[in-house]
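Numbering (the numbering used here), first residue to last: 242 to 387. Backbone N, C-alpha and C define an ideal beta-carbon position, used for all residues, glycine too. What you are looking at is a predicted structure, and each value in this text was computed from that prediction instead of being measured. So the structure is just underneath, and the comments pick up after that.
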Amino acid sequence: MDLSQSKYFLPNCLRLVVVGSEQVRWEKVALWQKYVGQHIKLLNAYGPTEATITATIYEPDLRKTENQTGGVPIGCPIANTQVYILDKNLQPVPVGVVGELYIGGNGVARGYLNRPELTQERFIDNPFNYVETLYITSPKLYKLGI
């Protein structure tokens with residue numbers, strides 16, 4: 242939706258908008274702030290299908306969008322979810338170092354139906370608690386110090 246076109250309006254009862262699926266850019270958040278303001282909360286949700294769609298949430302500070310560029314962070318894990326950014330040895334990466342995102346918790350699938358090879362490739366035992374499975378996501382990320 243292009244909010245800059247006056248033919249669109251948002252209902253007065255709208256209090257929360259959650260965006261996901263595609264990466265959210267700071268430039269779009271700045272446009273949201275310009276045309277909508279701060280009275281409607283905006284959240285960025287991230288999660289693959291294998292983690293029941295939403296695994297993390299980030300709430301951008303709508304007062305500080307002016308000089309931000311690039312992608313909005315994916316945020317922190319939702320309840321009963323764990324996320325890890327790990328290196329090739331399954332060790333946590335330091336802040337600012339790129340790693341692969343692994344997701345664990347109650348919402349993570351046990352695998353793919355009738356696809357044991359793919360399940361073995363994309364799901365591993367959690368090396369930190371040995372009770373749950375972690376899903377190996379595709380994106381390479383780096384850990385922010387927040």
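Collapsing the DSSP output to three states places lysine 329 in coil. A straight-line Cα-Cα distance of about 31 Å links glutamine 264 and asparagine 355. In terms of Cα proximity to alanine 296, the closest of Pro368, Ala286, Lys305 and Tyr371 is Ala286. Annotation note: the segment 299–346 contains the following uninterrupted beta strand (DSSP E) runs of length 3 or greater, listed N- to C-terminal: 322–327 and 339–346. For lysine 381, the three-state secondary structure derived from DSSP is strand. The beta-bridge partner set that DSSP reports for valine 260 consists of Asn285.
In this structure the segment 330–344 touches the segment 376–387; the number of beta carbon pairs closer than 8 Å is three or more. Exclusion of the five residues before and after threonine 310 leaves Trp267 as the residues of its chain whose Cβ lies within less than 6 Å of its Cβ. Excluding its 5 nearest sequence neighbours in each direction, glutamine 323 has C-beta neighbours in its own chain below 7 Å: Gly345 and Gly346, listed in chain order. The residues Leu284 and Ala286, in chain order, have a CB closer than 6 Å to that of valine 259 in the same chain once the five nearest residues on each side in sequence are set aside. With contacts defined as CB atoms closer than 9 Å, leucine 359 and glycine 352 qualify as a contacting pair. Here aspartate 328 has Val334 and Gly340 as same chain residues with Cβ atoms under 6 Å from its own Cβ, once five neighbours each way along the sequence are excluded.
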